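S.K.:
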Amino acid sequence: NAGVTQTPKFQVLKTGQSMTLQCAQDMNHNSMYWYRQDPGMGLRLIYYSASEGTTDKGEVPNGYNVSRLNKREFSLRLESAAPSQTSVYFCASSASGGRLYGYTFGSGTRLTVV
Amino acid sequence: SQQGEEDPQALSIQEGENATMNCSYKTSINNLQWYRQNSGRGLVHLILIRSNEREKHSGRLRVTLDTSKKSSSLLITASRAADTASYFCATDDTGANSKLTFGKGITLSVRP
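Chains A and B are the protein sequences, given in the same order.
For the first sequence, our numbering assigns the number 4 to the initial residue and increments by one for each residue that follows.
For the second sequence, our numbering assigns the number 101 to the initial residue and increments by one for each residue that follows.
Following this line, the structure appears as structure tokens:
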């Protein structure tokens with residue numbers, strides 16, 4: 004099925020551990036995004052890539068790094084996980100940066116940092 | 101920071117009734133979008149309305165946009181239990197580089 008695929012779906016980390024969240028889309032979209040969703044906070048943008056080869060910080064980038072590996076893949080790395088990074092992480096992609104069409108979201112990664 | 105703010109935060113209605121949700125925003129926009137999120141799932145795009153449009157329909161959905169008041173409303177007619185979800189508005193802000201800003205969402209419960 005065409006869409007955005009995120010792996011893993013669930014992860015438990017210990018404080019200080021590192022991990023990479025993977026995201027891939029097969030819709031030939033130019034733009035890709037990482038959001039986190041916390042209760043009562045809505046979706047907050049962590050990083051985004053408007054096009055292959057570019058990445059920019061969003062609203063809450065501290066503690067994260069990203070890599071736009073190619074047009075299909077956009078990964079999010081936590082170098083030293085903290086309990087404050089416990090959240091649900093969503094990857095999204097868009098053909099037009101949201102200007103003409105909406106975003107397509109993955110099903111999310113539920114991360115718990117203990 | 102959040103641009104769109106939805107109102108009410110939670111809404112509970114009976115199946116068959118209409119549900120109206122509102123979104124207010126602060127700055128100039130290119131378009132405004134509505135998304136649905138079922139429990140434990142990702143967001144699904146519902147409808148996009150451009151800044152030069154006042155009303156748009158898609159099936160049982162009707163969206164209005166009033167740029168003078170910086171507000172939008174989403175109407176779901178003849179609601180069904182399957183419409184139970186969280187609904188988010190998102191704005192494509194003028195000057196923003198290829199990114200949407202999402203509100204905190206409205207939780208809609210439709211009682212059978």
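Ideal placement from N, C-alpha and C gives every residue a C-beta, glycine not left out.
Quantities reported herein were computed from a predicted structural model and do not represent experimental measurements.
Quick check: is the beta carbon of S198/B nearer than 7 Å to any beta carbon in chain A?
M.R.: Yes, contact with chain A.
S.K.: Name the two residues that bound the continuous beta strand (DSSP E) containing T127/B.
M.R.: Counting along the chain, T127/B falls outside any beta strand (DSSP E), and DSSP gives it neither H nor E.
S.K.: Would you please verify whether the beta carbon of A53/A is less than 7 Å from any beta carbon of chain B?
M.R.: With 7 Å as the cut-off, A53/A counts as an interface residue toward chain B.
S.K.: Tell me the residue span of the beta strand (DSSP E) that contains L103/A.
M.R.: It is not in any beta strand (DSSP E) - L103/A carries neither H nor E in the DSSP assignment.
S.K.: Considering only residues of the same chain and omitting the five flanking positions on each side of Q133/B, which have a CB-CB separation below 6 Å?
M.R.: If we look at Q133/B and ignore the five residues flanking it on each side, its Cβ neighbours are L148, A190.
S.K.: Run through DSSP, which three-state label would D192/B get?
M.R.: In the structure shown, D192/B sits in a strand (DSSP, three-state: E or B).
S.K.: If we cut at 7 Å on Cβ distances, does S34/A have a partner in chain B?
M.R.: Yes, because at least one Cβ of chain B sits closer than 7 Å to the Cβ of S34/A.
S.K.: Under the DSSP definition of a beta bridge, which residues are partnered with L174/B?
M.R.: L174/B pairs with M121/B, V163/B.
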